[in-house]
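In the working numbering, the protein residues as written are 53 to 510. Backbone N, C-alpha and C define an ideal beta-carbon position, used for all residues, glycine too. To keep things clear, I will list the structure first and then write my remarks on it.
Here is the structure:
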């Protein structure tokens, strides 16, 4: 090591040497313009403090990466990050690097947390860090140490430095792995084995319950009127798709099932078509929940076949899918001749103004629908105006949600006029409508009180 005798060495150098690490003076380094950072150094570091909690963090970035303090603050759950005094780590002059934390600092408010760029952990070559200098801007006099990422993390863990990921804000598990002893590894292996057994036990329980229920459906057990198959395809893993197929095969001949939950199975259009084929002609199923399944326009088109002449379906839940204006228009056409559906929930899709208008216009001849949820679709004022026209007629709609649908004063006023005219509606949800002004909100609130109905605008 190109330093003076041990007695005159800084404590950090003595610590590094005791770990078998060398510190040497860097000479004639290659600098990277325009900031003239030493090309060979692995990190650039920022010492910051949370404005609210006063927690101090050292942000250890890969030299090639930039650091957005606002983004980092959000990741760490901090209010605002500001530059901290270098004395927090007991360094009066020179560079501050992660090695500065290897000696537990005696100054500052509380323990300093190292927030490390995960790119450094994947480095194939040793990390070169400054281990002390007089002037961080004088790149001719850095004293550097080369060490692996695992060794750096071990040094920090030895002084109980909290380690977080710069990308996620989560604790760095890799640091724990680097410092494990054989006993810890054995304990982890035992825990993983136990978790695997518990997961297998859960899978077998879920599979057993699903199999037993489907057998009862196949046997036309009249006590089974509701079946919840939501989440089952992913939960049952390799058994999920075959069990779904088995369920569909049992539906056409079943005479007692009235409600089926198929949500969150990632069925897509193909699965929706299969469901529609299995349920075509059934005279018992009244309520179908098929939300959050990545169903698009083709899948909805197949489901529309369940709403034709002779349909008995009373509730259809297709929210949280991938339906656009094309699918909404098909649905409007199907509902024009429907004489059974009472509840339609089609919120959280991708239906725009044209689709919203077509869907509502399709209800002009419908006399049964009581609940219509269009929330979180950008259907806008044109759809609100079409609804107002519909409500002024003989519509039986009593519950309408247009939350987050980009309705402004124009659409809200039209709906207010329909309510004032004495339509049948009992609940109107216009919440998350940021462009509805105070005057219109006040009018709707007054109408709600006068008509004794519920109107939400906040």
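Whole-number beta carbon distance between residue j and residue i, since they are thought to touch under 8 Å
| i | j | result |
| --- | --- | --- |
| residue 324 | residue 345 | 7 Å |
| residue 430 | residue 414 | Contact flag wrong, Cβ pair sits at about 19 Å. |
| residue 371 | residue 343 | 5 Å |
| residue 455 | residue 500 | That belief does not hold up - the Cβ atoms of residue 455 and residue 500 are roughly 16 Å apart, past 8 Å. |
| residue 412 | residue 442 | 6 Å |
| residue 111 | residue 199 | That belief does not hold up - the Cβ atoms of residue 111 and residue 199 are roughly 19 Å apart, past 8 Å. |
Same chain only: Cβ atoms within 6 Å of residue i, ignoring 5 sequence neighbours per side
| i | result |
| --- | --- |
| residue 326 | 300 |
| residue 367 | 339, 395 |
| residue 298 | 266 |
| residue 425 | 397, 399, 453 |
| residue 62 | 184 |
| residue 221 | 127, 128 |
| residue 226 | Reliability fails at residue 226, whose pLDDT of 48 lies under 50, so the model's placement of it is uncertain and the value that follows must be treated cautiously. So the list reads 173, once near-sequence residues are dropped. |
| residue 194 | 78, 182, 185 |
| residue 428 | 399, 400, 456 |
Option nearest residue i by Cα separation, candidates the options
| i | options | result |
| --- | --- | --- |
| residue 464 | 489, 445, 448, 447 | 489 |
| residue 178 | 263, 95, 436 | 95 |
| residue 106 | 119, 431, 129 | 129 |
| residue 256 | 354, 466, 287, 445 | 287 |
| residue 341 | 259, 390, 369 | 369 |
| residue 212 | 246, 384, 155 | 155 |
| residue 460 | 446, 492, 444 | 492 |
| residue 203 | 180, 194, 219, 218 | 180 |
| residue 274 | 295, 307, 103 | 307 |
| residue 385 | 175, 349, 358, 410 | 410 |
| residue 348 | 358, 360, 373 | 373 |
Outcome for residue i when other beta-carbon atoms lying within 10 angstroms are tallied against a minimum of 16
| i | result |
| --- | --- |
| residue 196 | buried |
| residue 86 | Low confidence applies here, because residue 86 scores a pLDDT of 47, under 50, leaving its location unreliable; read the following figure in that light. The residue is exposed, with fewer than 16 neighbouring Cβ atoms inside 10 Å. |
| residue 512 | For residue 512 there is no data in the structure shown, the boundaries of the chain being 53 and 510. |
| residue 528 | The structure shown does not extend to residue 528, since the chain is modelled only from 53 through 510, so no value can be given for it. |
| residue 169 | buried |
| residue 497 | exposed |
| residue 249 | exposed |
Cβ shell of residue i (< 7 Å), same chain only, five flanking positions each side left out
| i | result |
| --- | --- |
| residue 171 | 114, 117 |
| residue 68 | 75, 183, 197 |
| residue 270 | 302 |
| residue 451 | 422, 423, 478, 479 |
| residue 293 | 285 |
| residue 444 | 470, 473, 475 |
| residue 103 | 131, 132, 134 |
Residue i and residue j closer than 8 Å at C-beta
| i | j | result |
| --- | --- | --- |
| residue 136 | residue 153 | no |
| residue 278 | residue 310 | yes |
| residue 321 | residue 351 | yes |
| residue 100 | residue 134 | yes |
| residue 119 | residue 98 | yes |
| residue 407 | residue 381 | yes |
Chain-order list of residues whose beta-carbon lies under 8 Å from that of residue i (same chain, five-residue window excluded)
| i | result |
| --- | --- |
| residue 363 | 390, 391, 392, 393 |
| residue 71 | 203, 207 |
| residue 283 | 315, 316, 317 |
| residue 502 | none |
Distance cut-off 7 Å: residue i Cβ against heavy atoms of the ligand GTP
| i | result |
| --- | --- |
| residue 381 | The ligand GTP is absent from the structure shown, which contains no ligands of any kind. |
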